[in-house]
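**Student:** The sequence shown begins at 1022 in this note's numbering and counts up one residue at a time.
Backbone N, C-alpha and C fix where the C-beta goes; we use that ideal spot for every residue, glycine too.
If you're wondering where the values come from, they're calculated on a predicted model, not measured in any experiment.
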Amino acid sequence: MKFSLRVLFIFILISPLYPRNDGEPVHILYLNSYDSRMSWYKDILQGIEDVLEPDQSNIILHLEDMDSKRFHTEEYFRVYYEFMAQKYRDYRFSMIFCSDNNAFEFIRRHHKELYPGIPIVFCGVNDFEASMLDGHEEITGIEELFSARTTVELALLLHPETEEIYIINDYLVTGRAWQKVIEAELEPLGDRVRLRYSENLPMEELQRTISSLGENSIVLLGVYYSDRDGDLLTYETTGKAIAEASHVPLYCLLGFNIMDGVMGGDVISGYSQGLNMALIGKKILEGASPSDFPVASRKYNELIINYGELERFGIAESMLPENSTIINRPYSLYEDYFHEIWISITAFLLLTLTVIALIVTVLKKRQAEDSLRELVEASWEGIVIHDHGNLVNCNRVFLSMFQLRDEDLLDLHLIQRVFTSESLAVIMQKIEQGETEPYEVTGVRSDGSRFPVEIRIRIIEQKGRELRLAALRDLTEQKKLEEKIQQSQKLQAIGTLAGGIAHDFNNILSGVLGYADLGLMSTQEDSTPHNYFSQILKAGKRARDLVKQILTFSRQSVKETRSVVLAELIEETLELLRATLPATIRIHSELDRTLCIPGDPAQLQQIVMNLCTNAGLALREDGGDLELILNAETVDDVTSPQLDLSPGQYARLVVRDNGCGMNEEVRSRIFDPFYTTREQGKGTGMGLSVVHGIITQMAGAVSVDSSPGEGTSFNVFLPLCADTIRKDSLRSDLRVTGGRERILFVDDEAIQRDIGREIMEYLGYGVTICGDSTEALELFRSHPAAFDLLISDVTMPDMTGDVLVEKVRSIRPGLPVLLCTGYSDRMSFDKLESIGPIRIVMKPLLLQELAVNIRAVLDGRD
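If you want it as structure tokens, here you go:
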């Protein structure tokens, strides 16, 4: 009803929002006298909810219907009291609402036992007297007052020929109370019109009585819920039944009785009663006291007239009071919009002239827009022109980036589709802040895949309004490159650490292997000590091999470099592998025999062996295909950043299997040292990390493509041979031969000096030991002709081995030199070549290897 809507609208404008309680919920009980199906109850409840908004606040509204129209014996009320006491014994209500007399009386009677100290607000109570609240300071509310006289005086105004008014109320408590009030109000009108009150009749007999009324009669409907036979009716059913029987004007006092056949009147609104009751309750919840609100005795009624009944009885609207509200009026577009229609006609004529003037302007602007569109389409980035998130235009790059079609541009929510909800929140925040610096969000393609997007915003002016031009860049490839750089940095850090550990470990192994060698030389071959020393030497060699793998991974090993025909090496390696792989694995190869690689054959064979062994493990259970492809590949400027290679010609080796494949987690860690998916004790986890170290040391690159169930493919890129390749190799002659020459041996590790002295003296050489490179240089400067050979460690404090060699040879050019190293990042063939001929051997050294190398240097052999 219009009155209710006005009240609600005013309430929304002037009333602050009910504060949200983020702590314990607020429990409120609403006790209704009647059945919950009644419109009266629903209207009251709607008024309460519109004020308190329980769905948006922390309020829990408990609803109870007494149904006291049907059940109203003392025994029923006693049992209902026990029911309420038991049901809500664990609840502490902050407020109680009640509507109509029976609920009000129940609360008033049991307030102190059931709800002591809890404020109570009522509405819809008839025959209220102030004395009812004596001793109940917590109770206040709104009295239900209706004006039968106002309605009857309106009826007599509209129907001056009226001789009789037939007044209908039921014989329940509320009906009797209403009739008493109506009789008192209409008594002064007894001289003007005959007043007749309904008897306690069955509904059918009541309808017959109404249909027999004279032509100059009027019916006034009060409250009617039950007839004489005890049949309960809703107020809506009552209104409909009486309206169908009445051929004379029918007025009512309750708003929900107005329907077809009912004229209306000065009616009571259940919504208004509930809304104003809740407004009082809201103030009390905010801290006011019930005593601050005396019981409201003014009427919350509205004069409402049904348009259809005016037409039926030929009554002009001009006869109605000014404050009347007419409902159910047929809709008339012209009447409702008379002024708007004529304004529109005038505006249309003006617009016609304006359009003609604008056409010229539009043509000029279109030229500018076409230029802008061409510029947008020429961009390498995705371009979107939008108005606070609403798409205005975009280019083809944007559509391609998000896998969109032209028809997708018709979607009003396209921007919401192509970004995640979190990203949309960031975008809207940046728009509100006027952000123009680039920022990153997450885009969503049509297939659901997500990818990183960089956005930059610029403000442009178009058609007299400010728009935002967003440039979008797909960061997928950049992220992949950043990931590779991070992986490379991680492996570099691990390699540096591993190299340092290997240096110290090699010093320890030198003592173990050296003394084991001396022990073997000093014992009988078939003796127990000889066997012990043999086992120690065997274990030490295994440890040395592991250190070599670590040094290879960390790119700090000394290697033999020569020109290698990679296809021949691969075929030799496959011959070795065929005997170890199951017959269910089929090997296919397609090799370019013209490709030569500069490298250490042993290390190149280790690459092939490790990759094929890895593939064999993936195929061992179910069998399958192992494929090797070797060809030449050109790495251009576009591909080189992705592979972290310099542009140029490379040999590309592909090792592919169709086995179980790897998930993303495994794929991202396969080159990490000591990481393995094999069972404990069946792998060191160094195989692929060593492969990575060898390839990187050779200025190459390796990548892997794999998915679960789709196999794995390794791609190895190695530089091709230049015109000349230097060879640095050891002879394979390992005969133990000593001599009588004088050797200056320099090493900062005591154990290295001790074992070095023992081995070289065992071989017959004269040995002078120095633990400090500076001391050794001074000794040599004093007696430059006293020594035939300098053996020096590379990594030493104060002065490194290569620097010592440079200074010694400045004193005595051509002095034979043997450098020993566990590892060194200073090792460089180019640097050593500038010093002169030098032989390099890797720690830990066996007696046999040291003997061979000393003789090779002294004898001037390569």
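I'd like the ranges of any beta strand (DSSP E) spanning at least 3 consecutive residues and lying wholly in the region 1272–1332.
**Tutor:** Whole beta strand (DSSP E) segments, 3+ residues: 1285–1289, 1322–1327.
**Student:** Nearest to H1804 by alpha carbon, out of E1827, R1673, V1100, R1763?
**Tutor:** Cα-wise, what sits closest to H1804 is R1763.
**Student:** So T1195 is in the alpha helix (DSSP H); what residue range does that whole segment cover?
**Tutor:** Unbroken alpha helix (DSSP H) run through T1195: 1194–1207.
**Student:** Can you tell me which residues form a DSSP beta bridge with E1085?
**Tutor:** The partner list for E1085 (beta bridge, DSSP) reads L1052.
**Student:** Please state the DSSP three-state secondary structure of P1834.
**Tutor:** P1834: coil per DSSP, three-state reduction.
**Student:** Would you kindly work out how many angstroms separate the C-alpha atoms of V1878 and E1779, rounded to a whole number?
**Tutor:** Distance between the alpha carbons of V1878 and E1779: 20 Å.
**Student:** My output table needs one value for P1075: the three-state DSSP class, helix, strand or coil.
**Tutor:** In the structure shown, P1075 sits in coil (DSSP, three-state: anything other than H, G, I, E or B).
**Student:** Over the uninterrupted alpha helix (DSSP H) stretch that includes V1687, give me the two end residues.
**Tutor:** Segment 1685–1690, the alpha helix (DSSP H) holding V1687.
**Student:** Distance check for Q1200 and S1232, CA to CA, integer angstroms please.
**Tutor:** Cα to Cα, S1232 sits roughly 22 Å from Q1200.
**Student:** Within its chain, find whatever has a CB closer than 7 Å to the CB of F1114; leave out the 5 residues flanking it on each side and keep chain order.
**Tutor:** Answer for F1114: H1048, I1049, L1050, Y1136, I1139, listed in chain order.
**Student:** Run through the region 1078–1148 for me and flag every whole beta strand (DSSP E) of 3 or more residues, listed as ranges in chain order.
**Tutor:** Complete beta strand (DSSP E) runs here, min 3: 1080–1086, 1116–1120, 1141–1146.
**Student:** Look at the Cβ atom of L1765, then the Cβ atom of F1801, and state whether they are nearer than 8 Å.
**Tutor:** In this structure, F1801 lies closer than 8 Å to L1765 by Cβ.
**Student:** On the DSSP bridge list, what partners appear for Q1545?
**Tutor:** Partner(s): none; Q1545 has no beta bridge.
**Student:** With I1715 and Q1627 assumed to form a contact (beta carbons below 8 Å), what rounded beta-carbon distance in angstroms separates them?
**Tutor:** 7 Å between Cβ atoms; contact.
**Student:** Helix, strand or coil for P1865 per DSSP?
**Tutor:** In this structure, P1865 counts as coil in the three-state DSSP scheme.
**Student:** Go to Y1218, then tell me how far its beta strand (DSSP E) extends in each direction, as first and last residue.
**Tutor:** Unbroken beta strand (DSSP E) run through Y1218: 1215–1218.
**Student:** Kindly identify the DSSP beta-bridge partner or partners of S1584.
**Tutor:** Partner(s): P1619.
**Student:** What does DSSP give as the partner residues of V1737 in its beta bridges?
**Tutor:** In the DSSP output, where bridge partners are listed per residue, V1737 has L1674, V1723.
**Student:** From this set, G1680, T1758, T1594, which residue's C-alpha is nearest E1731's C-alpha?
**Tutor:** Of G1680, T1758, T1594, the residue nearest in Cα terms is G1680.
**Student:** Which residue from G1637, I1608, E1174 puts its Cα closest to that of E1648?
**Tutor:** Closest by alpha carbon: I1608.
**Student:** Which residue comes first and which comes last in the beta strand (DSSP E) that contains L1242?
**Tutor:** Per DSSP, L1242 belongs to the beta strand (DSSP E) from 1238–1242.
**Student:** Could you compute how far the alpha carbon of G1294 sits from the alpha carbon of T1230?
**Tutor:** As written in the sequence, residue 1294 is Gln, which differs from the Gly given in the question. Between Q1294 and T1230, the C-alpha separation is close to 33 Å.
**Student:** With 16 as the cutoff for other CB atoms within 10 Å, does P1858 come out buried or exposed?
**Tutor:** P1858 comes out exposed.
**Student:** Contact between the region 1205–1214 and the region 1245–1257: three or more CB pairs below 8 Å?
**Tutor:** At 8 Å Cβ cutoff, the stretches do not touch.
**Student:** Based on the DSSP output, what are the partners of C1841 in its beta bridges?
**Tutor:** D1814, V1862, per the DSSP bridge assignment.
**Student:** For a quick check, are the C-beta atoms of S1168 and D1287 less than 8 Å apart?
**Tutor:** Cβ distance < 8 Å, so S1168 and D1287 count as in contact.
**Student:** Rounded to a whole number of angstroms, what is the C-alpha to C-alpha distance between G1196 and L1275?
**Tutor:** G1196 and L1275: Cα-Cα distance of roughly 13 Å.
**Student:** Note down, in chain order, each residue of its chain lying with its Cβ closer than 6 Å to the Cβ of A1266, except the 5 sequence neighbours on either side.
**Tutor:** The answer, listed in chain order, is Q1228, I1231, S1232.
**Student:** In this structure, how does DSSP classify S1610 when only helix, strand and coil are distinguished?
**Tutor:** Strand.
**Student:** Give the DSSP bridge partners of N1344, in chain order.
**Tutor:** DSSP, once it has assigned bridges, lists no residue as partnering N1344.
**Student:** Using the C-alpha atoms, what's the distance from V1269 back to E1236?
**Tutor:** Taking the straight line joining both Cα atoms gives about 7 Å.
**Student:** CB L1811 to CB V1829, shorter than 8 Å?
**Tutor:** Going by C-beta atoms, L1811 is nearer than 8 Å to V1829.
**Student:** Can you check which of these residues, P1603, Y1272, Y1783, V1767, is closest to T1821 by C-alpha distance?
**Tutor:** The shortest C-alpha separation from T1821 is found at V1767.
**Student:** For F1167, which three-state DSSP category applies?
**Tutor:** Of the three classes helix, strand and coil, the one that applies to F1167 here is coil, per DSSP.
**Student:** What separation, rounded to the nearest whole angstrom, lies between the Cα atoms of V1824 and V1838?
**Tutor:** In a straight line, the C-alpha of V1824 is about 12 Å away from that of V1838.
**Student:** Roughly how many angstroms lie between the CA atoms of H1407 and L1638, to the nearest whole one?
**Tutor:** Approximately 55 Å, taken between the alpha carbons.
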